[in-house]
Amino acid sequence: MTMVDVSGKAKILREATASGIINLKPETVKYVKEGKTVKGDPLYTAKIAAILAVKKTSELIPLCHPLPLTNVNVSSKILDDTTIEVSVTVKTCAQTGVEMEALSAVSMALLTIWDMTKQYEKDADGQYPSTVIQNIHVVRKYKQQQV
2 MTMVDVSGKA
12 KILREATASG
22 IINLKPETVK
32 YVKEGKTVKG
42 DPLYTAKIAA
52 ILAVKKTSEL
62 IPLCHPLPLT
72 NVNVSSKILD
82 DTTIEVSVTV
92 KTCAQTGVEM
102 EALSAVSMAL
112 LTIWDMTKQY
122 EKDADGQYPS
132 TVIQNIHVVR
142 KYKQQQV
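2 is the number of the first residue of the sequence shown in this note's numbering; add one for each residue after it.
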C-alpha cells in the first residue's frame, strides 16, 4: 500500500460537488421545517458537521492526501414532504482533487440529520421503516486547465 505520489503534478484549482438524500417520515420533515426538533436545527448542525468532515477527511480515509482547502459550501433543501437533500462543494488549489472531501461532507451531514431526527422516526415496533440515506454521489468535478 502507498499514498499516490502527486509531487509531479501542478497545483491547480480543483473543485468537486457531491450530494445525497435522506428520506424521513412526513411528520419528521414537518418538524424540521417548523424548527420543532428537540435537539435544535438539524440543517444548520448538518452544515457544521459537513465542514468538519471536509477538514478531517484525510484522517478518516486511509491514504487520502491532506489538502489545503480554499472553500466549502454546504446547502440543504427539503425536496418534498419526506426528502431532504444535502449538497456540498469543496474547492482547493492543490495537486489532487477534493471528491473524497465532498463525499465525506455529504455523508456526515446526512448522518447528523439522522442523529437529530431519529427519535421521531420509530414506528410502533421501535423500527425505522421510513429512514433511508441514499444516492450519495459526485455530481460535478472540475479542474482548471494547466497553462
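Quick reminder that beta carbons are idealized off the backbone N, C-alpha and C, glycines included.
Next item on the list: Pull up the distance between the alpha-carbon of V75 and that of T18, whole angstroms please.
Entry: Residue numbering aside, residue 75 sits at position 74 when the sequence shown is read from its first letter. Residue numbering aside, residue 18 sits at position 17 when the sequence shown is read from its first letter. Distance between the alpha carbons of V75 and T18 is about 10 Å.
Notebook entry, point to check: Which of helix, strand or coil does DSSP assign to Q120?
Noted result: Along the sequence shown, one-based indexing puts residue 120 at 119. Q120: helix per DSSP, three-state reduction.
Note to self: DSSP three-state label for V5, please.
What the structure shows: Position 4 of the sequence shown, counted from the start, is the residue given in the question as residue 5. In the structure shown, V5 sits in coil (DSSP, three-state: anything other than H, G, I, E or B).
Next item on the list: Please name the residue or residues paired with H138 in a DSSP beta bridge.
Entry: Taking the first residue of the sequence shown as position 1, residue 138 is located at position 137. S20.
Item checked: Residue span of the beta strand (DSSP E) that contains A95, given as start and end -> On the sequence shown, residue 95 is found 94 positions in, with the first residue counted as 1. Counting along the chain, the beta strand (DSSP E) containing A95 begins and ends at T84 to A95.
Check: Quick one: what's got a C-beta closer than 6 Å to A54's C-beta in the same chain, skipping five residues either side?
Finding: Here the question's residue 54 lines up with position 53 in the sequence shown. These residues qualify, in order along the chain: S105, A106 and M109.
Check: Alpha carbon to alpha carbon, what distance is there between E16 and E100?
Finding: If you number the sequence shown from 1, residue 100 lands on position 99. If you number the sequence shown from 1, residue 16 lands on position 15. Distance between the alpha carbons of E100 and E16 is about 8 Å.
Notebook entry, point to check: Is E102 buried or exposed, if buried means 16 or more other CB atoms sit within 10 Å of its CB?
Noted result: Position 101 of the sequence shown, counted from the start, is the residue given in the question as residue 102. Buried: at least 16 other Cβ atoms inside 10 Å.
Next item on the list: Measure the C-alpha to C-alpha separation of P43 and G9 and round it to an integer number of angstroms.
Entry: Mapped onto the sequence shown, residue 43 falls at position 42. Mapped onto the sequence shown, residue 9 falls at position 8. Each residue's alpha carbon lies about 42 Å from the other.
Item checked: Identity of the residues DSSP links to S77 by a beta bridge -> Here residue 77 refers to the residue found at position 76 when the sequence shown is read from its first residue. Paired residue(s): V87.
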